[in-house]
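Chains as they are written, first to last, in our numbering: chain A, 1 to 313; chain B, 1 to 452.
No residue lacks a Cβ here, since even glycine has one placed at the ideal position from N, Cα and C.
Remember, it's a predicted structure, so these values are computed and weren't measured experimentally.
These notes concern the structure reproduced below.
Here is the structure:
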């Protein structure tokens, strides 16, 4: 029996109907709010869709690959992609390392204290990104911000985080790492699931703390690491709110629109909603989709070597 | 067991159906309710309830529309391009919009706004009462697309205590003499431990770069908005000079970090705390200072190289989007909102409020010359503060020397190119010449693409 026939034959059972009925709202939402707009966006990336077309003043005309050629020749695309990649390369490993370190510390302390600190570490996660964007300029102010005052206290002359192009992305990455709570909670759950007998066996064999971490902990929590690696990478490549609020929002007066903070999503937003180049912005969004897809596929490919699922042979 | 599954599935589907139908019905019902309560429903986007200057005029305009059997929906919130695009896409456009004059050219060039020439004729609107430069900023290819409101003229605000401390006179802040201004800025500048503790003179880059270029006699954009002059030698000269001012005062990093620490709208603002000597600022900030500080200040005009006063005017305008169903009423609304009588009544309320609170009235500066004359000749009285009296007198007078950026089909891209160039230069990535050359290429390319 072919796969299709096997699938169709499932509809003879009442449970199948029930399952699909429960799935229907999500399917509808996915089609109407995700797949549908994606297909329309793909179509628009091959057209001259802009303000005149939105207002119905002029018809939408196909322009073929014109926008994609423009992408290849747009210097700002290169700049925006570079900024986005650099930021992601800082934010992803930083978040994973800090989250894992915090999770491991929380595993070792008492439950009562652990509950308190788990809450404390999670609180930044629920801070609205717009508020974080506003905070960046205050906390990271080169002369008077708390971060540099703290560094001065330990004898370090802090940089001008919000005006020096070399330090803008690190400042944004640090603020992102500050909201490490969600990732930490995932690692906590993964660490709690590592069988204790593996550590005992490793200790009996004379493994040091580092060997136990490298050969027991990391492989056993590798699925969680892999999941967060993918999710954080996608989030990093799509970063928008904090950087936009801090450097491109209406209150900045233009004085804080540095090229160093021009992330891909911000440039896309600007092209679509400020310059009204909707077709071009649609092409940009598909370029980003392709980049994220390639990176994710690469991550999945690499995961076969490094990710261990319990129960696998 | 199976029956329970069936029941559960059925109930879930039924709940989803009811929610969808109910939600849709509520929407239809509320739309029907709106239709039933008013024969005409006039919708505004981008204005919203505000202070007494806004609300008094809006009440007058609402009364005028009520006589035409229309009620007014004026939701809060400023003009948002995304909301407007969504309204255009859904063909549910508001009847009138209130937007920055700098945006009018971009929307007009794309046919999204209605030219107001017939509206002006039907309403018998005397355009001569409005400031020529403000009308020019909303005129594209000979057609007027907006009725301008405020002008927000710019003067230099000098903090007397800082000037005294540094041995600088207000006359030293004459932008006609750049060398003298630079010396005054250095004198007033203070730093400690490598941090700026007082800015001498803030040139306000990139926002006021057009003003600096104008002081050399250069318009950065042609009158028809189709030609940019961002890399003109005078533009490079203006940018080089203003950059030098900032370099003299700690360099951009320290300079801007210090500015970001100011409590700009609060009681411990940079004037109150003597954190700045002088800087060019729009007129509305005098009202903030009158409310927050007793610090003495002096208003100094911005001057060109010939010694004449100049100022940079900016503000919003009323525009009618294509697809507006009540264009006649929109014209009436714009006329009443900007009429001299409406301005007078609104400013009278503001004036009385300020008197009651014991604060100086720092003026309201409109794009309607007739209104301004009426306000300041018939209404304005001294509150006993010589500084604010002088400031108001200067602001009233300087408007006639004002300029505005013309309407351009790629206004947003032009401004962005200029800002990006200046920010690249400020961060040390490019020289003024290289930055403005790049800006010129980007701006002119965008204008050429957008013009039809």
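Residue of A:178, A:34 and A:243 minimising C-alpha distance to residue 147 (chain A): Position 147 of the first chain, counted from the first residue, corresponds to residue 147 (chain A). The candidate whose alpha carbon is nearest that of residue 147 (chain A) is A:178.
Run down chain B in chain order and give the residues with a C-beta less than 7 Å from the C-beta of residue 274 (chain A). The residue you call residue 274 (chain A) lines up with position 274 of the first chain. 81 and 412, listed in chain order.
So residue 203 (chain A) contacts chain B; which residues on that side make the cut at Cβ distance below 8 Å? Walking along the first chain from the start, residue 203 (chain A) turns up at place 203. Those within 8 Å of residue 203 (chain A) in chain B number zero; the least Cβ separation is about 49 Å.
For residue 6 (chain A) and residue 15 (chain A), the rounded distance between their alpha carbons: Counting from one through the first chain, the residue named residue 15 (chain A) turns up at place 15. Counting from one through the first chain, the residue named residue 6 (chain A) turns up at place 6. The alpha-carbon atoms of residue 15 (chain A) and residue 6 (chain A) are separated by roughly 15 Å.
Under the three-state DSSP convention, the category residue 281 (chain B) falls into: Here residue 281 (chain B) refers to the residue found at position 281 when the second chain is read from its first residue. In this structure, residue 281 (chain B) counts as strand in the three-state DSSP scheme.
For a contact defined as C-beta to C-beta under 8 Å, what are the partners of residue 52 (chain A) on chain B? For the purposes of this step, residue 52 (chain A) is taken as residue 52 along the first chain, with counting starting at 1. Those within 8 Å of residue 52 (chain A) in chain B are 110, 111 and 112.
Mind checking the segment 160 to 177 of chain A against chain B and listing, in chain order, the residues whose C-beta falls within less than 8 Å of any C-beta there? 160, 162, 163, 164 and 165
Quick one: give me the first and last residue of the alpha helix (DSSP H) that residue 286 (chain A) is part of. For the purposes of this step, residue 286 (chain A) is identified with residue 286 of the first chain, where counting begins at 1. Run containing residue 286 (chain A): 278 to 306, per the alpha helix (DSSP H) assignment.
Where are the alpha helix (DSSP H) runs, 4 residues long or more, that stay fully inside the segment 137 to 218 of chain B, in chain order? 160 to 166, 178 to 188 and 209 to 215
Tell me, please, whether the segment 50 to 63 of chain B touches the segment 284 to 300 of chain B by the rule of three or more beta-carbon pairs shorter than 8 Å. no
Does the separation of the CB atoms of residue 184 (chain A) and residue 121 (chain A) fall below 8 Å? As a working note, residue 184 (chain A) is residue 184 in the first chain. As a working note, residue 121 (chain A) is residue 121 in the first chain. Yes.
Beta-carbon gap between residue 457 (chain B) and residue 153 (chain B) smaller than 8 Å: No information on residue 457 (chain B) is available, as it lies outside the stretch 1 to 452 that chain B covers here.
For residue 121 (chain B), which option in B:402, B:332 and B:302 has the closest C-alpha, if you only look at C-alpha atoms? The residue labelled residue 121 (chain B) in the question sits at position 121 within the second chain. Residue 121 (chain B) has its Cα closest to that of B:332, out of B:402, B:332 and B:302.
DSSP puts residue 100 (chain B) in a beta bridge; with which residues? On the second chain, position 100 is the one that residue 100 (chain B) refers to. Residue 100 (chain B) is bridged to B:316.
Specify, as a first and last residue, the run of the alpha helix (DSSP H) that residue 197 (chain A) falls within. Stepping through the first chain from its first residue, residue 197 (chain A) is reached at position 197. 196 to 204 is the span of the alpha helix (DSSP H), which, as asked, contains residue 197 (chain A).
7 Å Cβ cut-off: residues of chain B touching residue 240 (chain A): As a first step, residue 240 (chain A) is located in the first chain; it is residue number 240 there, counting from the start. The premise fails here: residue 240 (chain A) is roughly 14 Å from chain B at the closest Cβ pair, so nothing lies under 7 Å.
Going by other Cβ atoms of all chains shown within 10 Å of its Cβ, with 16 needed for buried, is residue 203 (chain B) buried or exposed? Here residue 203 (chain B) refers to the residue found at position 203 when the second chain is read from its first residue. Residue 203 (chain B) should be labelled buried.
Short-range partners of chain A found in the segment 234 to 268 of chain B, where Cβ spacing is below 7 Å: 252, 253, 254, 256, 257, 258, 260 and 261
Are the CB atoms of residue 431 (chain B) and residue 391 (chain B) within a distance shorter than 8 Å? Taking the first residue of the second chain as position 1, residue 391 (chain B) is located at position 391. Taking the first residue of the second chain as position 1, residue 431 (chain B) is located at position 431. No; because the gap between Cβ atoms is not below 8 Å, this pair is not in contact.
Which of helix, strand or coil DSSP assigns to residue 335 (chain B): Residue numbering aside, residue 335 (chain B) sits at position 335 when the second chain is read from its first letter. Helix, per DSSP.
Does DSSP put residue 379 (chain B) in a helix, a strand or coil? Indexing the second chain from 1 puts residue 379 (chain B) at position 379. Assignment of residue 379 (chain B) by DSSP, reduced to helix, strand and coil, places it in the helix class.
Whole-angstrom Cβ separation of residue 189 (chain B) and residue 253 (chain B), contact assumed at under 8 Å? Locating residue 189 (chain B) in the second chain gives position 189, where the first residue counts as 1. Locating residue 253 (chain B) in the second chain gives position 253, where the first residue counts as 1. 15 Å between Cβ atoms; not a contact.
Taking only three categories from DSSP, how would you classify residue 98 (chain A)? Residue 98 (chain A) sits at position 98 when you count from the first residue of the first chain. Residue state, collapsed to three classes: helix.
For residue 145 (chain B), tell me which candidate among B:164, B:109 and B:447 has the shortest Cα-Cα distance. As a first step, residue 145 (chain B) is located in the second chain; it is residue number 145 there, counting from the start. Nearest C-alpha to residue 145 (chain B): B:109.
Residue 110 (chain A), buried or exposed, once every other Cβ within 10 Å from all chains shown has been counted against 16: Along the first chain, one-based indexing puts residue 110 (chain A) at 110. Exposed is the call here.
Can you give me the Cβ contacts of residue 443 (chain B) inside the same chain, cut-off strictly under 8 Å, excluding the 5 residues immediately before and after it? Numbered from 1 along the second chain, position 443 holds the residue referred to as residue 443 (chain B). Result list for residue 443 (chain B): 228, 230, 410, 413, 414, 417 and 418, in chain order.
Distance check for residue 151 (chain B) and residue 399 (chain B), CA to CA, integer angstroms please. Numbered from 1 along the second chain, position 399 holds the residue referred to as residue 399 (chain B). Numbered from 1 along the second chain, position 151 holds the residue referred to as residue 151 (chain B). Between residue 399 (chain B) and residue 151 (chain B), the C-alpha separation is close to 8 Å.
With 16 other CB atoms within 10 Å as the buried threshold, where does residue 448 (chain B) fall? The residue labelled residue 448 (chain B) in the question sits at position 448 within the second chain. Residue 448 (chain B) should be labelled exposed.
Mind listing the chain A neighbours of residue 424 (chain B)? Cutoff is C-beta to C-beta under 8 Å, in chain order. The count along the second chain starts at 1 and reaches residue 424 (chain B) at position 424. By Cβ distance, chain A contributes 259.
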